[in-house]
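Residue numbers (my numbering): 1190 to 1410. By construction, the Cβ of each residue, glycine as well, lies at the ideal position given by its N, Cα and C atoms.
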């Protein structure tokens, strides 16, 4: 999707200030799911390449074409980041997020986390396990009420998720994952930020160890 938008700019079929093609149209044209198109749009907006306006759609920023193409090239490099780097950053962000969540969470946040925790339990034996695992973590991050941390995790999560599914990285027994999720939630409810940090570090220790084991192999998305 990103390469296609770059080619539209380079060929003069798309200019700064123009509206991007609709998600549905790009999905059909490129033969990808609308979820992939939406993720690409989110990345473009996060980096200031586009802006979404109610009733107007997604508009290309008023930069020169050369600047826009350079920004998209830099954005595409993210997809080449090695797995270790992505996991390392994920751990950094999630540690800070859960500490903030233990401090800032509201009753509505707690309710969302409980629902996400229960959803994981229901799907722990299905092909939606990884998706529901990430959904719980995202609920925790939302409880931190820091949109920058949340946005950064949203940028890297699709790439991490792709790797998890492709190589079946997440092999921790479901009972252990459920127990760890419940402990994190309990610490957040009790506003125990030190305990919450310990829980998330222990929870992510195995994936961090795996990432370190493949680091020298240069595995990328």
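Presumed contact (8 Å Cβ cut-off) between residue i and residue j, rounded CB distance
i            : j            : result
residue 1273 : residue 1404 : 4 Å
residue 1279 : residue 1345 : 6 Å
residue 1313 : residue 1240 : With a Cβ gap of about 39 Å, residue 1313 and residue 1240 do not count as contacting.
residue 1283 : residue 1393 : 7 Å
residue 1199 : residue 1258 : 6 Å
residue 1242 : residue 1248 : 6 Å
residue 1197 : residue 1203 : 4 Å
residue 1395 : residue 1361 : 6 Å
residue 1219 : residue 1193 : 6 Å
Environment of residue i [buried if 16+ CB atoms lie within 10 Å]
i            : result
residue 1391 : exposed
residue 1256 : exposed
residue 1311 : exposed
residue 1330 : buried
residue 1222 : exposed
residue 1385 : buried
residue 1322 : buried
residue 1228 : buried
residue 1230 : buried
residue 1377 : buried
residue 1214 : exposed
residue 1195 : buried
residue 1176 : Because the chain spans 1190 through 1410 in this model, residue 1176 falls outside it and cannot be assessed.
Backbone secondary structure at residue i - three-state DSSP
i            : result
residue 1348 : helix
residue 1220 : coil
residue 1186 : Because the chain in this structure spans residues 1190 to 1410, residue 1186 falls outside the shown range and cannot be described.
residue 1246 : strand
residue 1239 : strand
residue 1387 : helix
residue 1322 : helix
residue 1307 : helix
residue 1271 : strand
residue 1372 : helix
residue 1202 : coil
residue 1262 : helix
residue 1294 : coil
residue 1301 : helix
Own chain, CB closer than 7 Å to residue i, minus 5 neighbours either side, in chain order
i            : result
residue 1382 : 1288, 1291 and 1292
residue 1397 : 1276 and 1280
residue 1388 : 1369, 1372, 1373 and 1376
Residues near residue i by beta carbon distance below 8 Å, same chain, minus five either side
i            : result
residue 1211 : 1246
residue 1318 : 1309, 1312, 1359 and 1363
residue 1206 : 1248, 1249 and 1251
6 Å CB neighbourhood of residue i in its chain, flanking five on each side removed
i            : result
residue 1298 : 1332
Short CB-CB distance (under 9 Å) between residue i and chain C
i            : result
residue 1335 : Going by chain labels, chain C is absent from the structure shown, which holds only one protein chain.
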